[in-house]
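Numbering (UniProt numbering), first residue to last: 1 to 231. Note that CB positions come from ideal geometry on N, CA and C, so glycine has one too.
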């Protein structure tokens with residue numbers, strides 16, 4: 001009986017792994033229709049008795065502005081073009097910071113954020129972290145860096161029910177994503193650590209300072225030239 005259960009478990013694990021590989025491979029070319037975070041937000045709104053509408057409009061890579069691409073890289077993951085999904089230096093620094101008793105600091109790369117936003121639920125369980133690592137490896141193996149950033153910019157949350165760069169630009173600034181100014185792009189990137197509490201259109205002093213810092217980092221990274229070396 002135990003052997004039978006183990007065989008079934010092994011078979012189901014192999015099937016799940018194969019299905020996840022095929023799904024990630026499909027999304028290399030096909031725009032994901034949504035994300036698990038979108039599903040989670042919708043269910044949360046039903047439970048709270050305050051249903052929300054979800055807004056998202058896909059913009060392909062060529063239509064996403066370079067200033068937003070670079071602002072997000074500068075603010076979220078400055079080693080994005082160099083690592084293979086995991087920034088070990090950032091992980092060690094976050095671990096040391098958290099061990100010292102400071103406020104909890106994360107070290108998720110853009111690739112990890114795509115993995116958990118697109119395929120997983122929110123939370124901090126070891127099971128979810130293990131699945132996040134698996135999907136991160138798949139994404140980094142099967143997608144080029146441009147695709148990872150493209151999917152991230154079209155899936156990340158920028159307010160309650162607002163997902164992706166196009167919806168965010170229209171919601172916060174009343175314009176399409178291709179027309180974002182450098183300041184607007186940096187403000188959008190500045191709120192990503194807490195997009196449902198912070199506002200890019202009515203920024204606090206902290207968000208404004210963070211946006212200024214992001215613009216400085218974009219220049220230090222080389223601006224749009226950085227994107228030319230990203231494959």
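Residue 146 places its beta carbon less than 9 Å from that of residue 230. Taking a contact to require three or more Cβ pairs closer than 8 Å, the segment 166–174 and the segment 128–143 do not qualify as touching. Each residue's CA atom was taken as its position, placing residue 152 and residue 5 some 39 Å apart. Under the Cβ criterion (8 Å, minimum of three pairs), the segment 184–199 counts as touching the segment 61–75. Linking residue 176 to residue 11 through their CA atoms gives a straight-line distance of about 47 Å. In this chain, the beta strand (DSSP E) harbouring residue 157 covers 157–159. Scanning 13, 78 and 31 for the CA closest to the CA of residue 218 turns up 78. The C-alpha of residue 193 lies about 18 Å from the C-alpha of residue 40. Within the model, the alpha-carbon separation for residue 72 versus residue 190 is close to 8 Å. Secondary structure within the segment 113–196: the alpha helix (DSSP H) runs of 4 or more consecutive residues, fully enclosed, are 126–142, 145–155, 165–173 and 182–190 (chain order).
Membership of residue 66 in the alpha helix (DSSP H) is indicated by the continuous run 66–76. A straight-line Cα-Cα distance of about 6 Å links residue 53 and residue 161. Judged by DSSP secondary structure, residue 108 falls outside any alpha helix (DSSP H); it is assigned neither H nor E.
When C-alpha distances from residue 82 are compared across 110, 50, 178 and 7, the shortest belongs to 110. Taking 8 Å as the upper bound for CB-CB distance, residue 148 and residue 114 are in contact here, some 6 Å apart.
In this structure residue 36 touches residue 120 by the C-beta definition: roughly 6 Å separates them, less than 8 Å. Note on residue 59: 16 or more other CB atoms within 10 angstroms of its CB, so buried under the neighbour-count rule. Residue 216 counts as exposed, since fewer than 16 other C-beta atoms from the protein chains shown sit within 10 angstroms of its C-beta. Secondary structure note for residue 44: its alpha helix (DSSP H) is the uninterrupted segment 36–48. As the crow flies, the alpha-carbon of residue 201 is around 20 Å from that of residue 155.
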